[in-house]
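Trainee:
Chains as they are written, first to last, in our numbering: chain A, 1404 to 1760; chain B, 539 to 762.
1. Can you tell me which residues form a DSSP beta bridge with residue 593/B?
2. List the whole-angstrom C-beta distance separating residue 1729/A from residue 1594/A, where the pair is believed to meet the contact cut-off of C-beta under 8 Å.
3. Look up residue 662/B in the DSSP assignment and give the residues it is bridged to.
4. Of all the alpha helix (DSSP H) runs that stay within the bounds of the segment 1699-1731 of chain A, which reach a length of 4 or more residues?
5. Of the residues that make up the segment 1523-1535 of chain A, which ones have a beta carbon closer than 7 Å to any beta carbon in chain D?
6. Mind listing the chain B neighbours of residue 1656/A? Cutoff is C-beta to C-beta under 9 Å, in chain order.
7. Here's a check: name, in chain order, each residue in its chain whose Cβ is nearer than 8 Å to the Cβ of residue 713/B, leaving out the five neighbours to either side.
8. Can you round the beta-carbon distance between residue 568/B and residue 561/B to whole angstroms, since I take them to be within the 8 Å contact cut?
9. For residue 651/B, go through chain A and note every residue whose CB falls closer than 8 Å to its CB, in chain order.
10. Going by DSSP, what residue range makes up the beta strand (DSSP E) through residue 620/B?
11. Using the C-alpha atoms, what's the distance from residue 1704/A back to residue 1676/A?
12. Using the Cβ count rule (16 or more neighbours within 10 Å means buried), how would you classify residue 749/B?
13. Tell me, to the nearest whole angstrom, how far the beta carbon of residue 636/B is from that of residue 695/B; I am working on the premise that it is less than 8 Å.
14. Evaluate contact between the segment 720-729 of chain B and the segment 1632-1652 of chain A, counting only Cβ atoms and requiring at least three cross-stretch pairs below 8 Å.
15. Looking at the unbroken alpha helix (DSSP H) that takes in residue 1553/A, where does it start and where does it end?
16. Name the DSSP bridge partner or partners of residue 1578/A?
17. DSSP three-state call for residue 684/B: helix, strand or coil?
18. So, residue 667/B versus residue 656/B, is the Cβ gap smaller than 8 Å?
19. Within 8 Å (strictly less), CB to CB, does residue 1579/A reach chain B?
20. Indicate whether residue 670/B and residue 584/B have their beta-carbon atoms separated by less than 8 Å.
21. Does DSSP put residue 1501/A in a helix, in a strand, or in coil?
22. Under 8 Å Cβ-Cβ, which residues of chain A neighbour residue 686/B?
23. Which class does residue 557/B belong to by DSSP, given the choice of helix, strand or coil?
24. Might you give, ordered along the chain, the residues of its own chain that have their beta carbon closer than 7 Å to the beta carbon of residue 1484/A, omitting 5 neighbours on each side?
25. What's the C-alpha gap between residue 686/B and residue 753/B?
26. Contact criterion: CB-CB distance below 8 Å. Does residue 634/B meet it with respect to chain A?
27. Roughly how many angstroms lie between the CA atoms of residue 1533/A and residue 1726/A, to the nearest whole one?
28. If we ignore side chains and look at the alpha-carbon of each, how far apart do residue 597/B and residue 1548/A end up?
29. Quick one: grab the DSSP three-state call for residue 1659/A.
30. According to DSSP, which residues form a beta bridge with residue 582/B?
31. Please give me, in chain order, every unbroken run of the alpha helix (DSSP H) with length at least 4 that falls completely inside the segment 1447-1471 of chain A.
32. Name the chain B residues that come within less than 9 Å of residue 1454/A, Cβ to Cβ?
33. Please name the residues in the segment 659-673 of chain B whose beta-carbon is closer than 7 Å to at least one beta-carbon of chain A, in chain order.
34. On the DSSP letters alone, give me the boundaries of the alpha helix (DSSP H) that residue 1691/A sits inside.
35. Within its chain, find whatever has a CB closer than 8 Å to the CB of residue 640/B; leave out the 5 residues flanking it on each side and keep chain order.
36. Could you give the DSSP three-state label for residue 697/B: helix, strand or coil?
What follows is the structure in structure tokens.
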């Protein structure tokens, strides 16, 4: 009799072990919160549900130089958190083999609301975005196939892909979905402006006056709450005679799109200098000086700025004060967006996001 | 899958693509002459096939899936499908990748951007690629390079291909459909294309559409 119960016992243990092994690893989903009063995001979360595991994988990829040919150029080398994920103090960013990028690296945040990417809108989906810098010879100069091989060879990555996607398969789609899970969570909505809007704070006098001027002269393009309407406009910047960048026309081949560039968000603008698609302006003052003196020629120039934007010195001062209220220090200091492992070096305890699950 | 009329047990059918330059089987690095009288060699020839529909007089059957036919990879030239049709008298397919797959992020399998049939800076698939060299091409190493793509209105480069056997039905025991693709049609069709005049096509637009109008006529069903 005894041997029967022993066999049964062993069988039971085996069964438990097998079902334990086959069990899909649990993922911890993260819900994406739309700030009050903001439009619905355009990113398709259904086909890429955000999880803590996917987010952490995307974060590791974003900070990993192995995505570039020589190992030096992680996404984060051009998109730096303290500059709201723009390149701090560089007109054009540095890429592989001492090259320059052809354009100024934009700040990265609120990407879930952005319908198209790059200054010319050439990229139609956030997931497809990383493929451009990875393969561009002026940026990371790698091939997609090589990057995937490097990831496959790394046990740490295999574990993380399994945790995020259920098995160890590593392919372009999974890599780019993971990167999206990280960058789509870069939501910036805690500037002083946001707090004022929520009734938690109030503007000082210059900021309040600046906000009034801004609503009169700027929101036609830099529309609240995202501070861009994501359209492409020619504000009359003369074409650079070395770069010959035609902007949106490169994508549409329409001469009516010549020299049009995506309206950049002005959130965190005090941090993301230099400004404009080729970084030709060093300060906000330079941008304002351009707007007020500009008298551009050219058929595609936006009708609202055909004669520039009249601005007095006083108005420039107030506008600048207002634009500085768009800086979100909680965002640039958020340890979740810092290089992997950063939280464990932080003195303050972080809330355990696994708890709610 | 749309079925009407009698159904038969599933069996496999093979579609074999054979690439030609005129009447000769295409060989890499062999010299050919196009309609403009230009001598050229081919280094690389690839195209996407999708949305295959098999037909006979009574029935029609749609097969999902994307296939990349690559001159340098013989295995890629054979597509095996499971069918319920006992005979096939016509075949339809899309040359290229439908718009939806161009706008919904990153895909897998034959559509993985790592296949090198994808534009990263202006999102979209290269539907077909023909690359080689010709002394008339005023480019480094005299290369010519046609990467034909574009899915937006006015720039569409996918083409619906319809081929049929005129007289006899394809009968069941043979189970192979041979389709030939003639690269000379790229130069000589609805539009006359000269390598010397236009050696490069690397973006959606007018030249890409002209090449697409030409390659729309490159396929034929082979008689055995």
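Built from N, CA and C at the ideal position, the CB exists for glycine as well.
Mentor: With the given structure in hand:
1. 598/B, 628/B
2. 5 Å
3. 657/B
4. 1716-1727
5. Checking the listed chains, one finds no chain D in this structure; the protein chains it contains are A and B.
6. 693, 741, 742, 743, 744
7. 549, 550, 551, 552
8. Contact doesn't hold; Cβ gap of about 13 Å is too wide.
9. 1531, 1534, 1547, 1575
10. 616-621
11. 24 Å
12. buried
13. Not confirmed; about 12 Å, so no contact.
14. no
15. 1547-1555
16. In the DSSP output, where bridge partners are listed per residue, residue 1578/A has none listed.
17. strand
18. no
19. yes
20. no
21. Confidence in residue 1501/A is poor, its pLDDT being 49 and thus under 50, which makes the residue's placement too unreliable to answer from.
22. Residues of chain A passing the Cβ test: none, with the nearest at roughly 15 Å.
23. strand
24. 1735, 1740, 1741
25. 10 Å
26. no
27. 29 Å
28. 42 Å
29. helix
30. 669/B
31. 1455-1465
32. Result: empty, since nearest Cβ-Cβ is about 17 Å, beyond 9 Å.
33. 659, 660, 661
34. 1687-1696
35. 661, 662, 663, 689
36. strand
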